[in-house]
Amino acid sequence: MPPSPPPSPRLPPLPSAAIVEETWRLGGTCVNVGCVPKKVSWHAADIAEKLRQAEAYGFKVPEGADKIDWPMFKEKRDKYIERLNGIYERSASSFPVVCRRCKRQS
Ligand SMILES: Cc1cc2nc3c(=O)[nH]c(=O)nc-3n(C[C@H](O)[C@H](O)[C@H](O)COP(=O)(O)OP(=O)(O)OC[C@H]3O[C@@H](n4cnc5c(N)ncnc54)[C@H](O)[C@@H]3O)c2cc1C
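Residue numbers (our numbering): 10 to 115.
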């Protein structure tokens with residue numbers, strides 16, 4: 010007989026209220042100007058670098074394929090971050106929040 014699984018850890022109770030002192034978009038540094046835009050930008054640079062190296066590995070890469078459409082890239086990256094901001098806004102709506110300059114107030 011397999012050993013029984015360890016008992017699940019007790020989760021701390023959810024807060025009944027929160028104060029959000031946010032002057033810009035919800036999500037903080039990581040979502041808005043840190044990890045997320047950094048990783049999306051790094052991934053685009055990595056694709057460009059791989060396209061540049063691809064011919065040496067026998068791939069036929071059309072001229073200019075490694076050039077990025079920067080306005081299109083930036084628009085899509087900004088939209089992705091806005092979608093994450095929306096997720097934070099919606100999750101904040103599950104308990105009373107005092108939110109300075111957020112889109113919603115409750
Ligand atoms: C370019 C960059 C890339 C990063 N990449 C990664 C990564 O890949 N992986 C990783 O693990 N970490 C990464 N980090 C670090 C990560 O963003 C931080 O560790 C994380 O955001 C810290 O979270 P926090 O909640 O402590 O603070 P924050 O997310 O910075 O939240 C603090 C919030 O407080 C607000 N604030 C500040 N002062 C005041 C004030 N006086 N009044 C009201 N509000 C205020 C700010 O606007 C901010 O929204 C990166 C950071 C940067 C800058």
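Glycine included, C-beta positions come from ideal geometry on N, C-alpha and C.
If contacts are defined as beta-carbon pairs under 8 Å, then residue i and residue j qualify, I think. What distance do you get, rounded to the angstrom?
i: I77; j: A57; result: 6 Å
i: G36; j: Y97; result: 5 Å
i: V42; j: L93; result: About 12 Å separates the two Cβ atoms, so there is no contact after all.
Quick check on the burial criterion: 16 or more other C-beta atoms within 10 angstroms. Buried or exposed for residue i?
i: A26; result: exposed
i: R99; result: exposed
i: A54; result: exposed
i: E84; result: exposed
i: P105; result: exposed
i: A101; result: buried
Please determine whether the Cβ atom of residue i lies at a distance below 6 Å from any heavy atom of ligand 1.
i: E30; result: yes
i: G67; result: no
i: K47; result: yes
i: G95; result: no
i: G73; result: no
Kindly indicate which residue of the options has the alpha-carbon position closest to the one of residue i.
i: K47; options: P71, D87 and S102; result: D87
i: R34; options: G95, P105 and S103; result: G95
i: E72; options: W79, F82, M81 and R61; result: R61
Would you check whether ligand 3 has a heavy atom nearer than 6 Å to the C-beta of residue i?
i: G43; result: Here the bound small molecules are ligand 1; ligand 3 is not part of this structure.
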